[in-house]
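Chemist:
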Ligand SMILES: C[S@@+](CC[C@H](N)C(=O)[O-])C[C@H]1O[C@@H](n2cnc3c(N)ncnc32)[C@H](O)[C@@H]1O
């Protein structure tokens, strides 16, 4: 069994189905006390939660689903009529995430299986997503810059769209941040926090706002 499958066995027997908050807490308990998972974790969840409240987005894209932790966090906060897609390229993790999403009471058709570089160019035609107004980037850090530029090239960013990129300090995404700061297309700020489940390791989330300037 993989770490995510082991975590799911625990979640199944210790959580309240249909209660996303309880599922998140059960994941946190497992990760603190049993086996590390690279979920968003409770500190960063508070930052993401605040941003979702502030922006009240209608078209949301998450890159990197893993177990579905951030997916259910976001799904429970979205306004009526909002649409959320999450992209995962690893089939075993995607299978776990689908079960977690269903357990929390959401539709598992929110999950798109495949690598982000193949999925992003298909979002308009295959998934009917003409634009996105909130993106949570939490996949491999080396993909951040390429995928931001893919979103720009496919004209997917709504003016004023928010992009939140995790792990910008640890392990960091220097080429991505260099581009964001130099290109003049984004306003940006860093939310300083610590690495998920490791309070002693500093980390941060970048918040970008797309100005619409090409
Ligand atoms: C840090 S985990 C995501 C954590 C998740 N967002 C959460 O908060 O619970 C990163 C995930 O991104 C996936 N991934 C990495 N690169 C990807 C890509 N190019 N396309 C799709 N998924 C990717 C990995 O398989 C892994 O499951």
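Numbering (my numbering), first residue to last: 1 to 214.
Don't be surprised by glycine CBs; every beta carbon is placed ideally from N, CA and C.
Where do the ends of the alpha helix (DSSP H) carrying residue 42 lie?
Modeler: Here residue 42 refers to the residue found at position 42 of the chain shown. It spans 42 to 55 - the alpha helix (DSSP H) in which residue 42 sits, taken as one unbroken run.
Chemist: Where do the ends of the alpha helix (DSSP H) carrying residue 10 lie?
Modeler: Stepping through the chain shown from its first residue, residue 10 is reached at position 10. 3 to 14 is the span of the alpha helix (DSSP H), which, as asked, contains residue 10.
Chemist: State the Cα-Cα distance for the pair residue 97 and residue 28, rounded to the nearest angstrom.
Modeler: Taking the chain shown and counting its residues from 1, the one referred to as residue 97 is at position 97. Taking the chain shown and counting its residues from 1, the one referred to as residue 28 is at position 28. So the alpha carbons of these two residues sit roughly 15 Å apart.
Chemist: Any chance the segment 41 to 60 sits against the segment 101 to 109, with 3 or more Cβ pairs inside 8 Å?
Modeler: Flag = no, the segment 41 to 60 and the segment 101 to 109 do not touch.
Chemist: When the Cβ atoms of the segment 204 to 214 are set against those of the segment 156 to 174, are three or more pairs found closer than 8 Å?
Modeler: The segment 204 to 214, when compared against the segment 156 to 174, does touch it at the 8 Å Cβ threshold.
Chemist: Classify residue 67 as buried or exposed, calling it buried when 16 or more other Cβ atoms lie within 10 Å of its own Cβ.
Modeler: Counting from one through the chain shown, the residue named residue 67 turns up at place 67. That one is buried.
Chemist: Determine the direct distance from the alpha carbon of residue 6 to that of residue 88, and round the result to whole angstroms.
Modeler: For the purposes of this step, residue 88 is taken as the residue at position 88 of the chain shown. For the purposes of this step, residue 6 is taken as the residue at position 6 of the chain shown. Whole-angstrom Cα-Cα distance: 19 Å.
Chemist: On the DSSP letters alone, give me the boundaries of the alpha helix (DSSP H) that residue 146 sits inside.
Modeler: Locating residue 146 in the chain shown gives position 146, counting from the first residue. Run containing residue 146: 144 to 153, per the alpha helix (DSSP H) assignment.
Chemist: Would you check if the segment 9 to 19 and the segment 144 to 161 touch, i.e. whether three or more CB-CB distances between them fall below 8 Å?
Modeler: No, they do not touch.
Chemist: Please determine if the segment 136 to 143 and the segment 63 to 81 are in contact, where contact requires at least 3 C-beta pairs separated by less than 8 Å.
Modeler: Because the criterion of three Cβ pairs below 8 Å is met, the segment 136 to 143 and the segment 63 to 81 touch.
Chemist: Under 8 Å Cβ to Cβ from residue 124, same chain only, skipping five residues before and after it: list those, please.
Modeler: Within the chain shown, residue 124 is the residue found at index 124, counting from 1. Only 130, 154 and 156 meet the Cβ criterion.
Chemist: Name the two residues that bound the continuous beta strand (DSSP E) containing residue 139.
Modeler: Here residue 139 refers to the residue found at position 139 when the chain shown is read from its first residue. Where residue 139 is concerned, there is no enclosing beta strand (DSSP E), given that its DSSP letter is neither H nor E.
Chemist: In three-state terms, what does DSSP make of residue 198?
Modeler: Translated into positions along the chain shown, residue 198 becomes position 198. If DSSP states are grouped into helix, strand and coil, residue 198 belongs with the strands.
Chemist: Assuming the contact rule is C-beta atoms closer than 8 Å, residue 40 and residue 70 should be a hit. Round their C-beta distance to whole Å, please.
Modeler: On the chain shown, residue 40 is found 40 positions in, with the first residue counted as 1. On the chain shown, residue 70 is found 70 positions in, with the first residue counted as 1. Right, their Cβ atoms sit about 4 Å apart.
Chemist: For residue 185, which residues does DSSP report across the bridge?
Modeler: Taking the first residue of the chain shown as 1, we reach residue 185 at position 185. The partner list for residue 185 (beta bridge, DSSP) is empty, contrary to what the question assumes.
Chemist: State yes or no: is the C-beta of residue 58 within less than 8 Å of the C-beta of residue 82?
Modeler: Position 58 of the chain shown, counting from 1, holds the residue named residue 58. Position 82 of the chain shown, counting from 1, holds the residue named residue 82. Yes; because the gap between Cβ atoms is below 8 Å, this pair is in contact.
Chemist: Go ahead and pull the three-state DSSP assignment for residue 160.
Modeler: Residue numbering aside, residue 160 sits at position 160 when the chain shown is read from its first letter. DSSP places residue 160 in strand when its eight states are reduced to three.
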